[in-house]
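Asker: Sharing a structure here in structure tokens format.
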Amino acid sequence: MDRDEHVRMYREMVLVRRMEEAAAVLYQQGKIGGFLHLYIGQEAVSTGILSVRQPQDRVITAYRDHGIAVSCGVPAQAVMAELLGKVTGTSKGKGGSMHLADVGVNFWGGHAIVGAHLPLAAGMALADKYRHSDAVTLCFFGDGATNIGYFHESLNLSKVWQLPVLWICENNQYGMGTAVDRASAVSEIRQKAEGYGMANARVDGMNVLEVREAAEKALAAVRQSGPFLLEVLTYRFRGHSMGDPERYRTSDEVQRWQQDDPIGVYRRHLLDHKIVTAKALDAAEVEAEDQVAAAVRFAEESPEPAPEALVADIYVEGPVEP
Amino acid sequence: MDRDEHVRMYREMVLVRRMEEAAAVLYQQGKIGGFLHLYIGQEAVSTGILSVRQPQDRVITAYRDHGIAVSCGVPAQAVMAELLGKVTGTSKGKGGSMHLADVGVNFWGGHAIVGAHLPLAAGMALADKYRHSDAVTLCFFGDGATNIGYFHESLNLSKVWQLPVLWICENNQYGMGTAVDRASAVSEIRQKAEGYGMANARVDGMNVLEVREAAEKALAAVRQSGPFLLEVLTYRFRGHSMGDPERYRTSDEVQRWQQDDPIGVYRRHLLDHKIVTAKALDAAEVEAEDQVAAAVRFAEESPEPAPEALVADIYVEGPVEP
Amino acid sequence: MREAISQALWEEMERDERVFILGEEVGVWGGTYAVTKGFYDHFGPERVRDTPIAESVIVGAANGAAIAGLRPVAELMTINFAFLAMDQIVNHSAKLRSMFGGQFTVPVVIRAVGGGGRQLGATHSQTPDVIFAHFPGLKVVAPGTPADAKGLLKAAIRSDDPVMYIEHATLYQTRGEVPDGEFLEPIGVSKVQRQGRDVTIVTYSKMLQLSLQAAEQLSKGGVEAEVVDLRTLRPLDMGPVLDSFRRTNRAVIVEEGWRSFGVGAEVAARIYEEAFDYVDAPIRRVAQKEVPLPYNRQLEQSALPQVEDIVRAVREVL
Amino acid sequence: MREAISQALWEEMERDERVFILGEEVGVWGGTYAVTKGFYDHFGPERVRDTPIAESVIVGAANGAAIAGLRPVAELMTINFAFLAMDQIVNHSAKLRSMFGGQFTVPVVIRAVGGGGRQLGATHSQTPDVIFAHFPGLKVVAPGTPADAKGLLKAAIRSDDPVMYIEHATLYQTRGEVPDGEFLEPIGVSKVQRQGRDVTIVTYSKMLQLSLQAAEQLSKGGVEAEVVDLRTLRPLDMGPVLDSFRRTNRAVIVEEGWRSFGVGAEVAARIYEEAFDYVDAPIRRVAQKEVPLPYNRQLEQSALPQVEDIVRAVREVL
Ligand SMILES: Cc1ncc(C[n+]2csc(CCOP(=O)(O)OP(=O)(O)O)c2C)c(N)n1
Ligand SMILES: Cc1ncc(C[n+]2csc(CCOP(=O)(O)OP(=O)(O)O)c2C)c(N)n1
Ligand SMILES: [Mg+2]
Ligand SMILES: [Mg+2]
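Structure follows, in structure tokens:
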């Protein structure tokens with residue numbers, strides 16, 4: 558792995574972090590509405606995993622989708638514009654934070670119903686297999702999502718039909734305010750794979766290089782022999798969404814995890830091993846910050862959707878009003 | 558286990574067998590409508606397991622419910638009357654074959670939506686635990702039902718909440734025409750329990766004494782330490798329901814299994830070990846046959862529900878038509 | 328009608344490699360209602376896929392395959408099981424396209440057979456068509472004749488929009504002319520299935536057959552009923568209904584499902600809204616009694632709309 | 328209104344040991360909308376149960392506990408997730424009792440909050456109340472004032488029938504007199520919330536508030552609207568609606584959900600059926616545009632019924 562790739566990954570993680578910090582501010586200012594689920598603390602997961610996916614591989618996730626969108630190659634400005642509900646957003650302002658998508662880079666969203674995108678992932682993988690493509694579908698979901706029926710039906714089907722899906726559980730310890738052990742019969746999510754005789758692994762999600770390595774192995778396994786469940790241990794530093802009272806955890810706990818801030822961990826690693834100079838990393842940070850500033854400007858200056866947009870893109874054929 | 562209990566169990570299995578043979582005839586005569594799912598071949602499961610349940614233990618199953626109803630103590634005549642849609646039936650003729658129930662003997666049905674009664678079982682067990690009763694809920698379901706979301710959500714919840722449920726999978730090798738391996742990621746259903754860290758076992762369902770012993774252990778385990786998944790290997794000798802073309806299996810396969818007919822196996826065992834005399838067993842068979850004949854007579858002579866029954870028992874309070 | 332549906336599926340699979348079928352017992356068994364009999368042997372296990380009993384992943388995987396460019400036909404063994412896939416149908420099939428600003432299409436067909444009258448009990452005898460028609464983003468089709476069954480299914484499979492295609496279990500035996508080969512009927516177009524000057528009967532699916540029988544009976548008494556078949560519930564084509572009503576000034580709406588919040592309510596409301604000055608008598612609705620259907624044959628039949636109920640309702644509006 | 332609902336739950340749990348709450352985030356978090364804040368500490372984890380994210384077992388376990396003699400209040404975080412529990416709601420809560428010949432009751436309450444207008448996007452902004460009201464066996468309640476919210480919830484919890492209790496997310500802030508302590512409102516009884524002689528506005532839930540505002544505006548112009556609040560969708564009490572209509576001879580029906588196959592259709596059809604001779608003008612419906620709600624604020628608002636839409640509709644029927 559060469560130096561430039563390290564810098565690129567570091568820049569990407571900082572970009573996601575700064576972009577979401579900016580989003581939080583815009584939310585407080587009332588410029589972003591609805592729900593806003595920040596990825597802050599989990600950046601190593603999307604960056605590490607997506608640094609090794611192939612262009613033909615499809616990606617799909619839940620509503621906590623900003624980081625994954627950016628790691629898929631969605632421009633920060635298109636993300637920011639969507640958050641502001643502008644016509645220049647990834648979904649023309651119709652989807653919002655929870656529904657980013659850009660099929661141009663094979664990012665299929667951004668889905669707000671917990672677990673509902675797992676069957677979609679199975680179906681996309683089925684389509685690729687049907688066409689004898691070697692593409693893999695990477696499906697991200699949370700620990701809380703593993704307790705819903707969709708998880709069971711999708712993992713079982715993917716194994717029975719040998720579908721090329723990499724199931725990725727971002728175990729950030731909580732589903733909203735519910736700790737894993739209060740909602741799941743097993744503490745290790747990867748153990749659920751055993752009920753399907755499915756290959757699986759568990760990795761530290763605060764270390765981007767370990768995540769990357771685990772993803773590389775897992776993707777190879779999927780291309781070779783079918784579905785795989787990868788559990789990534791991570792943590793969200795912010796509330797579940799904006800305005801979370803956070804009664805379910807202590808600030809001590811949060812601070813303990815923040816010592817493993819994936820960006821800090823990575824920076825230390827790159828410096829300690831003299832892989833990249835501090836100067837280069839600082840430059841990357843400045844670049845990222847400029848990108849965010851530009852993205853915010855772009856989003857703010859972009860136009861609102863026209864009133865007619867209300868009835869657009871619903872049906873391909875025929876009227877909207879019956 | 559004393560001789561009388563052996564005779565009782567043998568009689569019960571023969572009763573279920575003859576009762577369903579009679580039902581098949583009545584179906585051909587058009588006296589029974591809708592679907593009719595016969596239990597023939599699986600009698601050792603209900604008789605073996607329910608021979609060791611306590612009166613306070615609740616029982617619930619799917620639509621293949623005739624044998625389980627009888628083993629719970631529902632009179633054959635009430636079953637037969639329900640099959641004929643008579644007001645003297647377990648459900649006043651409103652439920653039919655798939656919806657037998659008699660809460661008087663703690664038999665809670667008879668449910669036609671695959672998997673949907675598993676959450677009901679979890680809820681009943683929750684109610685018992687809530688009231689500090691030591692009752693266990695015995696929930697029967699098929700192999701096909703283990704692939705639906707309900708199975709996952711219910712087993713997970715039962716483990717997280719330590720609910721007193723004995724989950725019993727009657728693995729009769731097929732869900733309609735779909736062999737276990739064509740629908741389930743694992744061939745051994747009991748393996749699914751590992752995804753929930755749940756105690757489990759697998760037993761030969763053609764041998765009523767082995768089933769009984771396994772059930773005794775499993776029930777003790779539930780009362781002691783929470784939910785348990787018991788897989789019972791069995792086979793249905795008849796089609797899924799009346800009028801099944803049976804394209805999915807060979808008659809050889811069926812015949813091979815019929816050599817292990819649970820009634821034949823039990824009879825040989827009782828005779829070989831001189832536990833019961835042939836005379837006593839024959840007498841039991843005659844008794845069973847008389848009971849079935851009486852049940853059919855009772856059902857045929859029972860009245861149809863009155864027209865007003867249509868709007869009865871829907872709401873406790875208030876009108877039916879809005 | 329079974330053959331008509333079967334033919335449409337077969338022809339579309341022959342025509343378009345991207346079309347495939349998934350569902351419970353569609354393959355080896357040949358379809359619980361024998362609609363896909365012979366398909367598994369001819370098209371093979373890749374294109375005729377037996378699934379586990381897991382409705383939400385059946386429809387969900389179909390949605391996923393559809394956005395990825397295939398044209399899945401998902402079969403729900405009965406519409407009663409659609410409730411287990413409800414989230415995929417109304418939150419995903421119906422919304423995926425618009426929610427992402429039209430980046431992709433969702434060309435999925437969800438086949439589901441419904442209807443009462445076979446003593447299957449409360450959970451297995453429903454006709455809940457109306458609740459699916461309530462959701463914008465979906466198209467809901469429910470043919471009442473073999474020809475329409477074929478033409479509409481072919482159109483549904485070729486449509487780039489998600490289509491819920493509702494069959495009726497007691498119509499499979501219905502006979503009727505079916506043009507073979509290339510024959511399509513447009514989705515969203517109602518059709519006059521019988522002409523008459525005295526009263527307009529608006530109906531669809533199984534109730535079309537009963538309505539036609541009622542019309543024949545009435546005709547003996549000199550009353551000529553015009554029977555308009557909606558065929559599609561969403562988008563709802565009121566044109567032919569209103570044209571007919573403006574001539575007859577009287578209407579009876581017939582559906583198999585429950586009356587309250589049913590199809591008839593919408594159709595009646597629309598007639599009053601759009602042809603108020605032509606109304607000579609209160610519009611009547613014939614529908615199912617407001618009860619979960621019981622198993623007992625007499626009780627079940629007493630809850631379902633019968634030909635006599637239609638005849639009586641027509642007499643009331645005359 | 329939040330306090331009213333909270334109070335009702337609290338009082339009923341104090342009154343009856345068998346009443347308990349289960350749902351996502353009802354405990355430690357205190358309820359996503361803070362309705363059960365403080366309950367976990369006071370009643371403890373046995374009676375205020377945080378569940379996994381698994382709607383179908385939440386409602387299913389509630390059904391099971393109900394037939395076994397408890398009185399569960401299952402909370403669905405939003406009504407949009409009720410689609411994942413659809414089978415338990417319409418096939419089990421609604422049918423278990425009659426299907427088994429009345430051997431047991433199903434005293435379950437399913438609380439679900441719905442409504443649009445908060446920029447939550449297509450899947451999280453729905454008002455699908457009507458589809459639940461379509462199913463016999465269920466009772467469906469949707470209060471529009473704090474007092475009714477309390478009285479109806481207490482009645483729902485004490486009812487031996489399954490009740491779907493629908494709240495509106497943007498009503499929680501609504502203030503209003505709430506009798507404390509023992510105060511019940513009957514399920515299945517509509518109520519005149521404002522008297523007027525010129526036109527009848529029929530509505531419920533959030534739209535009651537907008538309708539009352541519209542009535543105030545109209546009153547300035549000398550038009551006195553009577554506002555009838557359905558409060559319960561099943562069983563639907565048309566009495567007060569018809570009494571009012573027979574005096575005003577004009578009606579506008581206002582609902583937040585989509586127009587097609589909505590609540591307004593049924594109410595309009597019933598008025599025409601039962602008060603045909605009193606109709607002076609076509610009844611108008613005000614409802615949501617037929618689109619999945621978009622995230623963008625202006626677009627979303629343009630799809631939702633506004634006070635001006637109600638005022639305009641009233642002017643049209645006068
Ligand atoms: C079916 C469904 N139920 C409930 C919700 C509300 N909800 C949104 S996010 C969430 C928690 C999900 O937790 P997890 O899967 O761990 O993902 P995380 O938020 O931790 O990334 C819940 C309950 C929903 N969106 N969909
Ligand atoms: C949710 C649902 N999907 C489909 C069906 C149709 N169906 C009835 S029984 C059955 C097979 C069930 O197989 P299994 O669980 O193994 O039970 P068995 O019939 O073998 O006893 C199917 C698919 C149903 N009743 N409910
Ligand atoms: Mg989580
Ligand atoms: Mg089976």
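Residue numbers (this note's numbering), protein chains in the order written: chain A, 558 to 879; chain B, 558 to 879; chain C, 328 to 645; chain D, 328 to 645. Glycine included, every Cβ here is placed at the ideal spot set by N, Cα and C.
Let me know the secondary structure DSSP gives Pro-567 (chain D) once reduced to three states.
Answerer: helix
Asker: When the cut-off is 8 angstroms and only beta carbons count, does Gly-591 (chain B) lie next to chain D?
Answerer: no
Asker: Are the beta-carbon atoms belonging to Ile-871 (chain B) and Pro-562 (chain C) less than 8 angstroms from one another?
Answerer: For the 8 angstroms CB-CB criterion, Ile-871 (chain B) and Pro-562 (chain C) do not form a contact.
Asker: With H, G and I counted as helix, E and B as strand and the rest as coil, what does DSSP make of Lys-518 (chain C)?
Answerer: Under the three-state reduction of DSSP, Lys-518 (chain C) is assigned to strand.
Asker: For the alpha helix (DSSP H) holding Pro-399 (chain D), just list the boundary residues, first then last.
Answerer: Element bounds for Pro-399 (chain D): not the alpha helix (DSSP H) but the beta strand (DSSP E), 398-403.
Asker: Among all residues, which have a Cβ less than 7 angstroms from at least one non-hydrogen atom of ligand 4, and in what chain order do they fall?
Answerer: This criterion selects B:Gly-699, B:Asp-700, B:Gly-701, B:Glu-727, B:Asn-728, B:Asn-729, B:Gln-730, B:Tyr-731, B:Gly-732.
Asker: Hey, is Met-404 (chain C) close to ligand 2, as in C-beta under 7 angstroms from one of its heavy atoms?
Answerer: yes
Asker: Could you check which residue in B:Arg-621, B:Gly-652, B:Ala-673, B:Gly-591 has the C-alpha nearest to that of Ile-416 (chain D)?
Answerer: B:Ala-673
Asker: Could you pull the DSSP bridge partners for Met-491 (chain C) from this structure?
Answerer: Answer is C:Ile-437, C:Val-467, bridged to Met-491 (chain C).
Asker: Mind checking whether the beta-carbon of Val-386 (chain C) lies closer than 7 angstroms to any heavy atom of ligand 2?
Answerer: No, the Cβ of Val-386 (chain C) stays beyond 7 angstroms of every heavy atom of ligand 2.
Asker: For the stretch 568-581 of chain C and the stretch 514-528 of chain C, state whether three or more C-beta atom pairs, one from each stretch, are separated by less than 8 angstroms.
Answerer: yes
Asker: Can you give me the C-alpha to C-alpha distance between Leu-838 (chain B) and Gly-821 (chain B), rounded to a whole angstrom?
Answerer: 11 angstroms
Asker: Check whether the Cβ atoms of Met-491 (chain C) and Leu-465 (chain C) sit closer than 8 angstroms, and answer yes or no.
Answerer: yes
Asker: What is the residue span of the alpha helix (DSSP H) that Trp-337 (chain D) lies within?
Answerer: According to the DSSP assignment, Trp-337 (chain D) belongs to the alpha helix (DSSP H) that extends over 329-342.
Asker: Can you round the beta-carbon distance between His-709 (chain A) and Phe-785 (chain B) to whole angstroms, since I take them to be within the 8 angstroms contact cut?
Answerer: Not a contact, Cβ separation roughly 19 angstroms.
Asker: Helix, strand or coil, according to DSSP, for Leu-620 (chain D) in the structure here?
Answerer: Leu-620 (chain D): coil per DSSP, three-state reduction.
Asker: Using a cut-off of 7 angstroms between C-beta atoms, extract the partners of Ala-750 (chain B) located in chain C.
Answerer: Under the 7 angstroms cutoff, chain C gives no residues; its nearest Cβ is about 18 angstroms from Ala-750 (chain B).
Asker: Sort B:Asp-622, B:Arg-574, B:Trp-814 by Cα distance to Gln-730 (chain B) and report the nearest one.
Answerer: B:Trp-814
Asker: Is it right to say Arg-661 (chain A) is buried, meaning 16 or more other beta carbons lie within 10 angstroms of its own, or is it exposed?
Answerer: First, the amino acid is wrong: residue 661 (chain A) is Gly here, not Arg. Flag for Gly-661 (chain A) reads exposed.
Asker: Could you tell me which of B:Val-868, B:Thr-791, B:Ala-845, B:Ala-851 sits nearest to Glu-617 (chain C), measuring between CA atoms?
Answerer: B:Val-868
Asker: Can you pull the chain D residues whose beta carbon is under 7 angstroms from the beta carbon of Val-873 (chain B), in chain order?
Answerer: Thr-432, Asp-487, Asp-488
Asker: Taking only heavy atoms of ligand 1 into account, decide whether any of them is closer than 7 angstroms to the Cβ of Ile-380 (chain D).
Answerer: yes
Asker: Using only the alpha-carbon positions, how far apart do Ala-835 (chain A) and Asp-456 (chain D) sit?
Answerer: 59 angstroms
Asker: Give a yes or no on whether the minimum CB-CB distance between Met-576 (chain A) and chain D is below 8 angstroms.
Answerer: no
Asker: Could you give the DSSP three-state label for Tyr-596 (chain A): helix, strand or coil?
Answerer: coil
Asker: Under 8 angstroms, do Arg-615 (chain A) and Glu-844 (chain A) count as touching if we go by C-beta distance?
Answerer: no
Asker: What is the C-beta distance between Ile-514 (chain C) and Val-579 (chain C), in whole angstroms, given that I count them as a contact (C-beta under 8 angstroms)?
Answerer: Going by Cβ atoms, the distance from Ile-514 (chain C) to Val-579 (chain C) rounds to 25 angstroms, so no, they are not a contact pair.
Asker: In angstroms, rounded to a whole number, what distance separates the CA positions of Arg-560 (chain B) and Met-566 (chain B)?
Answerer: CA-to-CA, the gap between Arg-560 (chain B) and Met-566 (chain B) works out to about 10 angstroms.
Asker: Hey, is the stretch 601-610 of chain A in contact with the stretch 794-806 of chain A, meaning 3+ C-beta pairs nearer than 8 angstroms?
Answerer: Judged by Cβ distances under 8 angstroms, the stretch 601-610 of chain A makes no contact with the stretch 794-806 of chain A, as fewer than three pairs qualify.
Asker: Could you check what DSSP says for Trp-814 (chain A) in three-state terms: helix, strand or coil?
Answerer: Trp-814 (chain A): helix per DSSP, three-state reduction.
Asker: If you draw a straight line from the C-alpha of Ile-589 (chain A) to the C-alpha of Leu-641 (chain A), how long is it?
Answerer: C-alpha separation (whole angstroms): 5 angstroms.
Asker: State the Cα-Cα distance for the pair Cys-726 (chain A) and Arg-780 (chain A), rounded to the nearest angstrom.
Answerer: 19 angstroms
Asker: In the DSSP assignment, find the unbroken beta strand (DSSP E) run with Ala-614 (chain C) in it and report its ends.
Answerer: 611-615
Asker: Should Val-671 (chain B) be counted as a contact of ligand 2 given a C-beta to heavy atom distance under 7 angstroms?
Answerer: Yes, Cβ of Val-671 (chain B) sits closer than 7 angstroms to a heavy atom of ligand 2.
Asker: Mind listing the chain D neighbours of Gly-448 (chain C)? Cutoff is C-beta to C-beta under 7 angstroms, in chain order.
Answerer: Met-426
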